[in-house]
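Novice: Residue numbers for the sequence shown follow this note's numbering, beginning at 62 and rising by one. Handing you this structure, nothing more for now.
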Amino acid sequence: MWIFYLSLTVLLFILTILPKIQHSHWVFRVPEFGKIQITFFTVFTFILGFFVSHSEYSWYFQGLLILMFVHHSIILIKYTPLYPVKKFSQKYKSSDKVHFISANVYQFNTEYERFIELIEKCKPDMFLTMESNGDWEKALQKLEKEYPFQHKVTLENTYGMHFYSKLKIESSKTHYFVADDIPSIEAHLKTKDGFSFVFFGVHPPPPSPTEEETSKERDGDLLSTAKRVTEIKKPVIVVGDFNNVAWSKSSILFRKTSHLIDPRIGRSFVSTFHAKYRLLRFPIDLMFHSEEIFIEDLKTLDNFGSDHLPVFCEFFIDYEQEEEQEERIDYATEEEKAEAEEMIEEGKKEDGERDAVVTEG
């Protein structure tokens, strides 16, 4: 039992230290995803320490576990209701409430009707699908009458993306910031009561042993989006499968570079992946917004057969209260801006080896 306790303590320490090393290889980046689980296992191991055979070093390991728990807790508590964040309510000069759903549908998921039923049940004003290919586009045609405004990027490489809206799309474009097979959608919309805003849908590739060896393309794509956001003088929402967690260095750099707000702070983790394994679920489908946008609700919805849970958001736009929310914005230093530019260039140089058509398995 002592060996098990010791091994677990050492493993948790390694998983805590690895993300601190600023290297883009997936070995250093993947442990960031499991910070919630690492924290729970740290508590479990600490309790286990009271039942194992004590050695003269046991209290040193117990002390190390306490330090790791404090370290993780200081970071994670920001993404819980325990962290104080001012709440805002809708006022008479605010826009009507707007609802959207963001969902990585999983390209090889053929349970199209379950997703369509979800849309028909929730009736969002707009929805974004990721990993949507030609088969998904065909299946979603039955929703086009109700969602007459669309922007489609149909790909078979698991990076296809479709955006459907009841709200008028005044203009839209597809960006390929770091690679010609990794799209992002920029859509300029107007609400029925006359408020304009911009919706970005993103889905960069993850660093993993089965996909990209490094996080360079992911980080470069996200920071390119952040750079583009700063050029827009309208309320902005950026949403999608970031393949990243809110507390990673690149996510924080994205938030600071884009001058956007993370609505998870003071709310909840909103964990989405993997949909089938509750205890191994990571919050990698993220959202950020500008100070004119106020989030009423942000949550996951029921699984529809994908490996990701869909994200539901309700928000309103208010220009009169924006100054009060502006204090939540962190701005990048000159050094951080330079680092972001460097990461963008590294992302563009990275040559991700992806097939144009990906098959399951």
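For every residue, glycine included, the Cβ atom is placed at its ideal position computed from N, Cα and C. Keep in mind that this is a model prediction, so the values were computed, not measured.
Count Cβ pairs between the segment 278 to 289 and the segment 236 to 246 that sit closer than 8 Å; are there 3 or more?
Specialist: Contact holds: three or more Cβ-Cβ distances are below 8 Å.
Novice: Identify the continuous beta strand (DSSP E) that holds M222 and give its terminal residues.
Specialist: Locating residue 222 in the sequence shown gives position 161, counting from the first residue. 222 to 226 is the extent of the beta strand (DSSP E) around M222.
Novice: If contacts are defined as beta-carbon pairs under 8 Å, then I298 and F258 qualify, I think. What distance do you get, rounded to the angstrom?
Specialist: Along the sequence shown, one-based indexing puts residue 298 at 237. Along the sequence shown, one-based indexing puts residue 258 at 197. Contact holds; Cβ gap of about 7 Å.
Novice: How should W197 be labelled, buried or exposed, when 16 other C-beta atoms within 10 angstroms of its C-beta is the threshold for buried?
Specialist: Taking the first residue of the sequence shown as position 1, residue 197 is located at position 136. Buried.
Novice: If you follow the alpha helix (DSSP H) that T100 is part of, which residue opens it and which one closes it?
Specialist: Here residue 100 refers to the residue found at position 39 when the sequence shown is read from its first residue. Unbroken alpha helix (DSSP H) run through T100: 96 to 109.
Novice: Output the distance between the C-alpha atoms of L370 and P92, rounded to the nearest integer angstrom.
Specialist: For the purposes of this step, residue 370 is taken as the residue at position 309 of the sequence shown. For the purposes of this step, residue 92 is taken as the residue at position 31 of the sequence shown. C-alpha separation (whole angstroms): 21 Å.
Novice: If E272 and P266 are in contact, beta carbons under 8 Å, what's the gap, nearest whole angstrom?
Specialist: Position 211 of the sequence shown holds residue 272. Position 205 of the sequence shown holds residue 266. Sure, about 6 Å apart at Cβ, within 8 Å.
Novice: Please name the residue or residues paired with E375 in a DSSP beta bridge.
Specialist: Your numbering for residue 375 matches position 314 in the sequence shown. Bridge partners of E375: H160, D358.
Novice: Which whole runs of the beta strand (DSSP E) in the segment 297 to 361 are 3 residues long or more, in chain order?
Specialist: The segment 297 to 361 contains these whole beta strand (DSSP E) runs: 297 to 302, 346 to 350, 354 to 361.
Novice: Decide if the segment 208 to 216 is in contact with the segment 225 to 234; the criterion is three or more beta carbon pairs, one per stretch, under 8 Å apart.
Specialist: Yes: the two stretches touch, three or more of their Cβ pairs being nearer than 8 Å.
Novice: Okay, do the segment 245 to 253 and the segment 173 to 185 touch, 3+ Cβ pairs below 8 Å being the bar?
Specialist: They do not touch, by the three-pair rule.
Novice: Could you give the first and the last residue of the continuous alpha helix (DSSP H) run that contains A200?
Specialist: Working through the sequence shown from its first residue, we reach residue 200 at position 139. Per DSSP, A200 belongs to the alpha helix (DSSP H) from 195 to 200.
Novice: Which whole-angstrom value is the C-beta distance of I138 and F330, which I expect to be below 8 Å?
Specialist: Against the sequence shown, residue 138 aligns to sequence position 77. Against the sequence shown, residue 330 aligns to sequence position 269. That belief does not hold up - the Cβ atoms of I138 and F330 are roughly 11 Å apart, past 8 Å.
Novice: Can you round the beta-carbon distance between H160 and P185 to whole angstroms, since I take them to be within the 8 Å contact cut?
Specialist: Translated into the one-based positions of the sequence shown, residue 160 becomes position 99. Translated into the one-based positions of the sequence shown, residue 185 becomes position 124. With 8 Å as the limit, H160 and P185 qualify as a contact, their Cβ atoms being about 4 Å apart.
Novice: Tell me whether F89 sits in a helix, a strand or coil according to DSSP, three-state version.
Specialist: Against the sequence shown, residue 89 aligns to sequence position 28. Correct three-state label for F89: helix.
Novice: Mark W120 as exposed unless 16 or more other C-beta atoms lie within 10 angstroms of its C-beta, in which case mark it buried.
Specialist: Taking the first residue of the sequence shown as 1, we reach residue 120 at position 59. By the neighbour-count rule (16 or more Cβ atoms within 10 Å), W120 is not buried but exposed.
Novice: Mapping DSSP to helix, strand and coil, what is M404?
Specialist: Taking the sequence shown and counting its residues from 1, the one referred to as residue 404 is at position 343. Three-state DSSP puts M404 in a helix.
Novice: Contact defined as beta carbons within less than 8 Å: I believe E353 pairs with P296. What is the distance between those atoms, to the nearest angstrom?
Specialist: Taking the first residue of the sequence shown as position 1, residue 353 is located at position 292. Taking the first residue of the sequence shown as position 1, residue 296 is located at position 235. Confirmed, Cβ separation roughly 4 Å.
Novice: DSSP beta-bridge partners for H212?
Specialist: By 1-based counting over the sequence shown, the position of residue 212 is 151. Paired residues: F224.
Novice: Measuring straight from C-alpha to C-alpha, what distance separates N218 and F373?
Specialist: For this step, residue 218 is matched to residue 157 along the sequence shown. For this step, residue 373 is matched to residue 312 along the sequence shown. Going by the C-alpha atoms only, they are around 25 Å apart.
Novice: For I246, which residues does DSSP report across the bridge?
Specialist: Your numbering for residue 246 matches position 185 in the sequence shown. T235, G262.
Novice: For a quick check, are the C-beta atoms of F122 and L67 less than 9 Å apart?
Specialist: To locate residue 122, count along the sequence shown from 1; it is residue 61. To locate residue 67, count along the sequence shown from 1; it is residue 6. Their beta carbons are under 9 Å apart, which means F122 touches L67 by this criterion.
Novice: Give the range of the beta strand (DSSP E) segment to which L189 is assigned.
Specialist: On the sequence shown, position 128 is the one that residue 189 refers to. Per DSSP, L189 belongs to the beta strand (DSSP E) from 187 to 191.
Novice: Leaving aside the five residues before and after F169 along the sequence, list all residues of the same chain whose C-beta is less than 6 Å from its C-beta, in chain order.
Specialist: Looking up residue 169 in the sequence shown gives position 108. Excluding positions up to five away in sequence, the list reads E421.
Novice: Use the C-beta contact count for H133: other C-beta atoms within 10 angstroms, 16 or more gives buried, fewer gives exposed.
Specialist: What you label residue 133 is simply residue 72 of the sequence shown in a count that begins at 1. H133 should be labelled buried.
Novice: So the alpha helix (DSSP H) E272 belongs to, where does it begin and stop?
Specialist: Numbered from 1 along the sequence shown, position 211 holds the residue referred to as residue 272. Unbroken run through E272: none, as it is neither H nor E.
Novice: So S269 packs on W63, CB below 8 Å; how close in whole Å?
Specialist: Here residue 269 refers to the residue found at position 208 when the sequence shown is read from its first residue. Here residue 63 refers to the residue found at position 2 when the sequence shown is read from its first residue. Contact doesn't hold; Cβ gap of about 34 Å is too wide.
Novice: Between V113, M129, E292, which lies nearest to K81 when the distance is taken from Cα to Cα?
Specialist: Walking along the sequence shown from the start, residue 81 turns up at place 20. Nearest option by C-alpha distance: M129.
Novice: Do the CB positions of F256 and S156 come within less than 9 Å of each other?
Specialist: The count along the sequence shown starts at 1 and reaches residue 256 at position 195. The count along the sequence shown starts at 1 and reaches residue 156 at position 95. Contact flag set, yes.
Novice: For H84, which three-state DSSP category applies?
Specialist: By one-based count along the sequence shown, residue 84 stands at place 23. In the structure shown, H84 sits in coil (DSSP, three-state: anything other than H, G, I, E or B).
Novice: Considering just the uninterrupted stretch of the alpha helix (DSSP H) at E278, what are its terminal residues?
Specialist: As a first step, residue 278 is located in the sequence shown; it is residue number 217 there, counting from the start. Start and end: 277 to 290.
Novice: Just to confirm, is the Cβ distance from T333 to R339 under 9 Å?
Specialist: Here residue 333 is taken as the residue at index 272 of the sequence shown, counted from 1. Here residue 339 is taken as the residue at index 278 of the sequence shown, counted from 1. Their beta carbons are not under 9 Å apart, which means T333 does not touch R339 by this criterion.
Novice: How far does the alpha helix (DSSP H) with V146 in it extend, from its first residue to its last?
Specialist: One-based indexing of the sequence shown puts residue 146 at position 85. Taken as a continuous stretch (DSSP letters only), V146 belongs to no alpha helix (DSSP H), as it is neither H nor E.
Novice: Identify which residue in E278, L69, K317, K152 has its Cα closest to the Cα of D391.
Specialist: Position 330 of the sequence shown holds residue 391. The shortest Cα separation from D391 among E278, L69, K317, K152 belongs to K317.
Novice: For a quick check, are the C-beta atoms of F303 and R279 less than 9 Å apart?
Specialist: As a first step, residue 303 is located in the sequence shown; it is residue number 242 there, counting from the start. As a first step, residue 279 is located in the sequence shown; it is residue number 218 there, counting from the start. Yes.
Novice: When DSSP labels each residue in this structure, what does K139 get in the three-state scheme?
Specialist: The count along the sequence shown starts at 1 and reaches residue 139 at position 78. The answer is helix: DSSP assigns K139 an H, G or I state.
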